[in-house]
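Working notes, structure below.
Numbering (the UniProt record's numbering), first residue to last: 1 to 89.
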């Protein structure tokens, strides 16, 4: 699929309940940066929202940590938060 060059973000995103709850967690800035990196990575690959490097290779936590230049524990914690809040499956 072709790469999407932009994603739409509402101007009231920081009023969203989930974002407000994330803002109350430890290290909220890192979590939110990872969220936006996930959104842009999904748009870049344009696989209907799936995070896949190729048609057969899903990104692992380790791969995402490397690509996002973030500690593995931080990426895992952020992914856990996103799953808990229903932001990813």
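Idealized CB from N, CA, C, for every residue including glycine.
All values reported here derive from a predicted model rather than from experimental measurement.
Bridge partners - residue i, DSSP secondary structure assignment
{"i": "residue 87", "result": "Its beta-bridge partners do not exist; DSSP assigns none."}
Alpha-carbon to alpha-carbon, residue j and residue i
{"i": "residue 16", "j": "residue 27", "result": "18 angstroms"}
{"i": "residue 82", "j": "residue 52", "result": "17 angstroms"}
{"i": "residue 18", "j": "residue 73", "result": "21 angstroms"}
{"i": "residue 77", "j": "residue 58", "result": "19 angstroms"}
{"i": "residue 63", "j": "residue 3", "result": "20 angstroms"}
{"i": "residue 55", "j": "residue 10", "result": "30 angstroms"}
{"i": "residue 13", "j": "residue 25", "result": "17 angstroms"}
{"i": "residue 47", "j": "residue 41", "result": "10 angstroms"}
Delimiting residues of the alpha helix (DSSP H) encompassing residue i
{"i": "residue 45", "result": "28-45"}
{"i": "residue 61", "result": "61-68"}
{"i": "residue 50", "result": "Looking at the DSSP string, residue 50 is not in any alpha helix (DSSP H), and its letter there is neither H nor E."}
{"i": "residue 23", "result": "17-23"}
Supposed close pair residue i, residue j - CB separation, criterion 8 angstroms
{"i": "residue 7", "j": "residue 43", "result": "5 angstroms"}
{"i": "residue 22", "j": "residue 75", "result": "With 8 angstroms as the limit, residue 22 and residue 75 do not qualify as a contact, their Cβ atoms being about 14 angstroms apart."}
{"i": "residue 79", "j": "residue 61", "result": "7 angstroms"}
{"i": "residue 70", "j": "residue 30", "result": "7 angstroms"}
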